[in-house]
Amino acid sequence: MVYKILIVDDEKMMTELLSDHLRDCDYETITANDSREAIELLQKNPDLIILDINMPDMDGLELCRNIRNHVDCPILFVTARITEQDKINGLQYGGDDYITKPFSLNELTARIAAHLRRDERNKHKSNTAVLTSNDLIVNLTERSVYYHDKQIPFSRREFDLIEFLITNANQVFDRERIYEAVWGYDAEGDSNVVKEHVRKIRAKLNEATGQDYIETIWGVGYKWKRQ
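Residue numbers (UniProt numbering): 1 to 227.
Okay, structure coming up:
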């Protein structure tokens with residue numbers, strides 16, 4: 001099995017260095033240079049995340065807290081912050097380990113291997129299916145939607161509609177197709193109910209995020225916009 005490691009650091013030189021080293025150690029790597037990009041890459045289901053703390057916009061601690069309930073894999077902080085309180089904060093926000101810069105690549109590799117072995121022994125826990133879209137986290141396993149660390153409440157049918165659209169992001173569907181997929185072929189009613197549910201979903205998402213995720217294609221239908 002080839003393990004996949006997500007490396008998150010705003011310094012591109014650092015992500016490239018770690019990526020090259022870990023690939024030489026037979027790991028698969030994916031890299032992000034900010035928190036938003038890291039959230040999008042969660043869909044690739046990394047087996048371990050290496051996370052810098054000092055990043056612009058959303059720092060590593062905040063990112064860890066936002067994603068911790070949606071990823072089961074180990075999170076290893078790599079940072080220049082060296083006080084005891086910094087280490088405590090990292091662990092309290094959901095990190096599994098903490099290594100300070102400058103560090104030995106051999107030590108980092110050993111810690112990664114140890115966490116992956118421990119996580120492999122713990123595989124009896126269920127895998128979490130997560131889709132992301134522009135800072136929105138849709139947890140398909142828990143049937144929940146989060147923006148940053150706040151949950152956005154949706155009804156069962158609203159979530160079904162969100163799941164269908166985001167799973168088929170950037171594809172356009174007419175109301176009849178959406179109705180058949182979400183309500184079922186044998187449902188009593190008509191596709192006009194789709195319009196009302198889309199309206200409610202949009203209102204909740206816009207209130208929580210200030211963004212529009214569902215686009216109306218006039219004369220055709222709807223699509224989920226994924227950047």
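Glycine included, every Cβ here is placed at the ideal spot set by N, Cα and C. Note that the structure is a prediction, hence the values are computed from the model and not measured.
Just to confirm, is the Cβ distance from residue i to residue j under 9 angstroms?
i	j	result
Ile5	Glu28	yes
Glu40	Ser133	yes
Asn54	Thr79	yes
Cys73	Ile49	yes
Ile152	His70	no
Thr209	Asp135	yes
Measuring straight from C-alpha to C-alpha, what distance separates residue i and residue j?
i	j	result
Ala32	Asp190	44 angstroms
Gly221	Glu180	14 angstroms
Tyr93	Asp20	28 angstroms
Asp24	Leu18	10 angstroms
His124	Thr216	In this prediction, His124 scores a pLDDT of 49, lower than 50, which makes its location untrustworthy; the coordinate-derived value is nonetheless stated afterwards. For His124 and Thr216, the distance between alpha carbons rounds to 42 angstroms.
Glu11	Asp212	31 angstroms
Leu51	Arg202	32 angstroms
Arg199	Arg143	20 angstroms
Trp224	His148	19 angstroms
Leu42	Leu131	8 angstroms
Met13	Phe103	15 angstroms
Ile178	Arg156	15 angstroms
Out of the options, which one is the CA nearest neighbour of residue i?
i	options	result
Ile30	Ile7, Leu51, Val130 and Arg65	Ile7
Asp160	Trp183, Leu42, Asn45 and Gly95	Trp183
Ile75	Ser35, Asp86 and Tyr98	Tyr98
Could you spell out the range, first to last residue, of the beta strand (DSSP E) harbouring residue i?
i	result
Leu48	Leu48 to Leu51
residue 228	The structure shown does not extend to residue 228, since the chain is modelled only from 1 to 227, so the question has no answer here.
Starting from residue i, trace the alpha helix (DSSP H) in both directions and tell me its first and last residue.
i	result
Ala38	Ser35 to Leu41
Phe164	Arg156 to Thr167
Thr15	Lys12 to Asp24
Val172	First-last for Val172: undefined, no H or E at that position.
TODO: Entirely within the stretch 89-154 and at least 3 residues each: give me those beta strand (DSSP E) ranges in chain order.
DONE: Listed in chain order, they are 97-100, 130-133, 136-139, 144-147 and 150-152.
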